[in-house]
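Asker: Under full-length UniProt numbering, the very last position in the sequence shown is 737; numbers go up by exactly one each time. Just so you know, even glycine gets a beta-carbon here, dropped at the ideal spot from N, CA and C. Predicted model only: the values in this text are computed from it and were never measured.
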Amino acid sequence: PYKGPLADEVLEKRKKYLGPSLFYYYQKPLNIVEGKMQYLYDESGRRYLDAFAGIVTVSCGHCHPDILDAITEQNKLLQHATTIYLHHAIADFAEALASKMPGNLKVVFFVNSGTEANELAMLMARLYSGNLGMIALRNAYHGGSSNTIGLTALNTWKYPIPQGEIHHVLNPNPYRGVFGSDARHYAEDVQDHIDHGTSGKVAGFIAETIQGVGGAVELAPGYLKLVYDMVHKAGGVCIADEVQTGFGRTGSHYWGFETQGIVPDIVTMAKGIGNGLPLGAVVTTPEIASVLAQKIQFNTFGGNPVCSAGGLAVLRVLDKEQRQKHSAEVGSHMIQRLNDLQKKHDIIGDVRGRGLMVGVELVTDRKEKTPAKAETGVLFEKLRELGVLVGKGGLQGNVFRIKPPMCFTKDDADFLVDALDYAMSKL
Ligand code: PMP
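1. Would you identify the three-state DSSP class for PRO681, choosing helix, strand or coil?
2. Could you tell me which of ALA619, ALA591, ILE572 sits nearest to ASN609, measuring between CA atoms?
3. Evaluate PHE333 with the Cβ neighbour count: other Cβ atoms within 10 Å of its Cβ, from every protein chain shown; 16 or more gives buried, anything less gives exposed.
4. Runs of 3 residues minimum, wholly inside the stretch 504 to 561: which ones carry the beta strand (DSSP E) assignment?
5. Once DSSP output is grouped into helix, strand and coil, what is the label at HIS478?
6. Going by CA-CA distance only, name the one from HIS506, TRP467, GLN706, GLY440 that's closest to HIS452.
7. Between which residues of its own chain and HIS636 is the CB-CB distance below 7 Å, once the five residues before and five after are set aside?
8. Using only the heavy atoms of the ligand PMP, determine whether one of them is closer than 7 Å to the beta carbon of ALA513.
9. Could you have a look at LYS313 and say whether DSSP puts it in helix, strand or coil?
10. Per the contact definition of three or more C-beta pairs closer than 8 Å, is the stretch 478 to 490 in contact with the stretch 419 to 426?
11. Going by the CB atoms, is the gap between GLY545 and SER439 shorter than 8 Å?
12. Measure the C-alpha to C-alpha separation of ARG662 and GLY669 and round it to an integer number of angstroms.
13. Please report the distance separating the alpha-carbon of VAL320 from that of ARG694.
14. To the nearest angstrom, how far is the alpha carbon of VAL527 from that of VAL688?
15. Assess contact between the stretch 566 to 585 and the stretch 365 to 373, defined as three or more Cβ pairs (one per stretch) separated by less than 8 Å. Is contact present?
16. Does the Cβ of LYS713 have 16 or more other Cβ atoms within 10 Å, making it buried, or fewer, making it exposed?
17. With a cut-off of 8 Å, do at least 3 Cβ pairs link the stretch 600 to 619 to the stretch 393 to 402?
18. Using beta-carbon positions only, say whether GLU685 and TYR336 come within less than 8 Å of one another.
19. Could you name the residues of the same chain whose beta carbon sits closer than 6 Å to that of GLY524, not counting the 5 residues immediately before and after it, in chain order?
20. Short of 7 Å in beta carbon distance, which residues of its chain neighbour GLN521, apart from the five on each side in sequence? Order them along the chain.
21. At which residue ranges does the stretch 422 to 496 contain complete beta strand (DSSP E) runs of 3 or more residues, listed in the order of the chain?
22. With burial defined as no fewer than 16 other Cβ atoms inside 10 Å of the residue's Cβ, what is the status of GLN634: buried or exposed?
23. Report the option in PRO311, ASN341, LYS313, TYR312 whose CA atom is closest to the CA atom of LYS323.
24. What is the rounded straight-line gap between the Cα of SER618 and the Cα of LYS679?
25. Just to confirm the assignment: which complete beta strand (DSSP E) runs, minimum length 3, are found wholly within the stretch 565 to 599?
26. Is PHE419 helix, strand or coil when you go by DSSP?
27. Roughly how many whole angstroms lie between the Cα atoms of ALA513 and ILE365?
28. Which of the three DSSP states is assigned to MET347 in this structure?
29. Give me, in chain order, the residues of the same chain whose beta-carbon lies closer than 6 Å to that of HIS655; leave out the 5 immediate sequence neighbours on both sides.
30. Closer than 7 Å: is that where the CB of TYR451 sits relative to any heavy atom of the ligand PMP?
31. In the DSSP assignment, find the unbroken beta strand (DSSP E) run with LYS338 in it and report its ends.
32. Tell me, which residues are paired with VAL700 by DSSP?
33. Which residue's Cα is closest to the Cα of ASP575: SER409, LYS338, VAL417?
34. Less than 8 Å separating the beta-carbons of ILE516 and LEU461?
35. Which of the three DSSP states, helix, strand or coil, is assigned to HIS372?
36. Near ASP402, which residues of its chain fall below 8 Å by C-beta distance, leaving aside the five closest residues on each side in sequence?
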């Protein structure tokens, strides 16, 4: 049994020594002390079904034995030396990652987070195109550093600092967007920005292929194809942010962008790539990558031996355990059950997503789509009481984000949906 500090003590210390901008889930925050595959354990030993995976990060499962072994072996041999020396782990990992990419996306840069990945992608877009303006979607999250905060279009995260030339276009959100699922009309807004809001030239366009923090919003079908053509004509490069959607989570495809039938110029990734290790990557073409060769680009921890060994183990586990196929099967079962639940409870306005990247949007009035903000909060606490941890998101905080470790089973999905059903019937 756990013998460490309890929640109250941890919270007090956290308040005293950590920044005031930290936030936590639940009125009485959980003190999580152990994790095993799709389960988390609190200080009292109580088990929770984890349907949020440390914010869509623990792709293979908490403390997955194969990944632990790979990290431990590398830890014992060499933890760190940087890329000023050779080491096989970073090269092996880059080779394995590149083999997962389509087209000419063959050059890998390793960084430590999603924010850093998007910073680097934006830098390359600007250098390669010779332009500055970036186009991003409303309701997007791309990071919290000075530059990426500009790309992010969720008010909660936007500190008032200069954010460069960023154009936020209409979000092609099939549920709430003004044009429903009509990709063409949303794409016209992009052309409109290029024609009237820029010099006619842009550095690039960035989008998540299913918006994560924004509440599992899948872009209107066909949207990216139309927009990529427009951006290329305006001299820009197209970046796919796969920080949440990559590595088979969507079930139907290994990468989220494949669901829109396009090949980006730059792909950024983090979170699930390391199953919990601080790891991010940018993959692009040799031509685009070459713009960085005019100077030295260096990252102390990027691709460090321990993270690379762990990341390579993640790719192998995902293949060995056929997690993409599994996500498709468990995800479609869960979505079907959630669709049935929607017929029973009026509060469910929308069920959406793919594979194990699912959103449930709650409304008090289906016609007006009034966000059920307070009710979402009540249900969220109730789910925790029942032993189920989900995420919360969307502009109004009225969307449940269900993005579990990919070892999540059909039984787990049933338990989650039954718990939601029970909680809703008690509202
Ligand atoms: N892009 C997306 C789509 C994300 O969801 C996040 C994190 N929520 C980021 C980028 C930034 O990643 P990190 O927190 O690792 O910097």
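Answerer: Reading from the atomic positions:
1. strand
2. ALA591
3. exposed
4. 514 to 518, 547 to 551
5. strand
6. TRP467
7. MET716
8. no
9. coil
10. no
11. yes
12. 5 Å
13. 20 Å
14. 23 Å
15. yes
16. buried
17. yes
18. no
19. ASN449
20. ASN449, ALA450, VAL527
21. 444 to 447, 476 to 479
22. buried
23. ASN341
24. 45 Å
25. 576 to 579, 590 to 594
26. strand
27. 30 Å
28. strand
29. MET734
30. yes
31. First-last for LYS338: undefined, no H or E at that position.
32. Bridge partners of VAL700: none, in fact.
33. VAL417
34. yes
35. strand
36. SER618, LEU622
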